[in-house]
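The sequence shown runs 143 to 304 under this note's numbering. Below is one structure; the comments refer to it alone.
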Amino acid sequence: MKIICDTGPIIALAKIDKIYLLKGIAEEVLIPPMVFKELLGKVGDESNQIDRALSDIIRIKESGALDPAAEKALAGLGEGEKQAIGLAFNLKKDILLLLDDRAGRECAEKLNIPTTGLIGLLLILKQKGLVGDIVPFIDELRNKGYWLSDEVINVARRLAGE
Numbered sequence: 143m144k145i146i147c148d149t150g151p152i153i154a155l156a157k158i159d160k161i162y163l164l165k166g167i168a169e170e171v172l173i174p175p176m177v178f179k180e181l182l183g184k185v186g187d188e189s190n191q192i193d194r195a196l197s198d199i200i201r202i203k204e205s206g207a208l209d210p211a212a213e214k215a216l217a218g219l220g221e222g223e224k225q226a227i228g229l230a231f232n233l234k235k236d237i238l239l240l241l242d243d244r245a246g247r248e249c250a251e252k253l254n255i256p257t258t259g260l261i262g263l264l265l266i267l268k269q270k271g272l273v274g275d276i277v278p279f280i281d282e283l284r285n286k287g288y289w290l291s292d293e294v295i296n297v298a299r300r301l302a303g304e
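As C-alpha cells, then:
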C-alpha cells in the first residue's frame, strides 16, 4: 500500500518522533510538491525529524492533471490538500490518503479515495501490532501543541479500547 500524506499528519508524527511508523504499513510514502514546500517551512523541534524523513521515508510525486469533475470537487481547498487528494485520485488503487483537514477528507470521500486522519493511522498501527496503547501518543501530541479536540480523543479512546 502507498500512503499519500498531507502536511499536518507528518508534522504531528515528527513532533513525537514517530514518522518511521509509516514504514510499518506502507511500501511508499508520497507527498505532492506543495506539501514538501510546507514541510520545508517548519522550523520547530520537529524539523530535524522531517528532514530525516524526507531523505529516507518520504518521496515527492507530482499529482498530474485532474479531470474536470475532480478539479471542481477540490475547489476551495488549500493547495497542499488539493495536491494530496489529486495525487491519491490519480494513483487510485492500493493507496491510503492521510489527511486531517475535515473539508479535505469530505472531498476525498466524495471522490471515493480511502482516507484516514492521524488518529485513524494510530488505530491502524495498533491493530497491526506496531504500537501498543495510542492514548500516550495522543497525550504527547497535545502536550507538544498539536490540536486535537476532546471529541476526537474520546472517540479514539473508545475505538482503541483504552
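All C-beta atoms, glycine included, are put in the ideal place defined by N, C-alpha and C.
Pop quiz: residue i and residue j are said to be a contact at Cβ under 8 Å. What is the actual Cβ separation, rounded to whole angstroms?
{"i": "D148", "j": "L240", "result": "7 Å"}
{"i": "A242", "j": "P151", "result": "Here the sequence assigns Asp to residue 242, which means Ala is not the residue at that position. D242 to P151, Cβ: 6 Å. Contact."}
{"i": "L164", "j": "I199", "result": "6 Å"}
{"i": "M143", "j": "E169", "result": "6 Å"}
{"i": "K270", "j": "I153", "result": "Incorrect: roughly 23 Å between the Cβ atoms, too far for contact."}
Identify which residue in the options has its Cα closest to the Cα of residue i.
{"i": "N254", "options": "L272, E223, A230", "result": "A230"}
{"i": "G246", "options": "L196, E221, S189", "result": "E221"}
{"i": "I227", "options": "T257, R201, I161, D198", "result": "T257"}
{"i": "S205", "options": "L267, L219, M176", "result": "M176"}
Taking buried to mean at least 16 other C-beta atoms within 10 Å of its own C-beta, is residue i buried or exposed?
{"i": "L208", "result": "buried"}
{"i": "Q191", "result": "buried"}
{"i": "Y288", "result": "buried"}
{"i": "L308", "result": "Coverage of the chain is limited to positions 143 through 304, which leaves residue 308 absent and any answer about it impossible."}
{"i": "P174", "result": "buried"}
{"i": "L283", "result": "buried"}
{"i": "L219", "result": "buried"}
Just to confirm, is the Cβ distance from residue i to residue j under 7 Å?
{"i": "L233", "j": "K224", "result": "no"}
{"i": "V171", "j": "I202", "result": "no"}
{"i": "K160", "j": "E188", "result": "no"}
{"i": "I280", "j": "I295", "result": "yes"}
Self-check item: the stretch 290-303 / the stretch 257-274 touching (three or more Cβ pairs under 8 Å)
Solution: The stretch 290-303, when compared against the stretch 257-274, does touch it at the 8 Å Cβ threshold.
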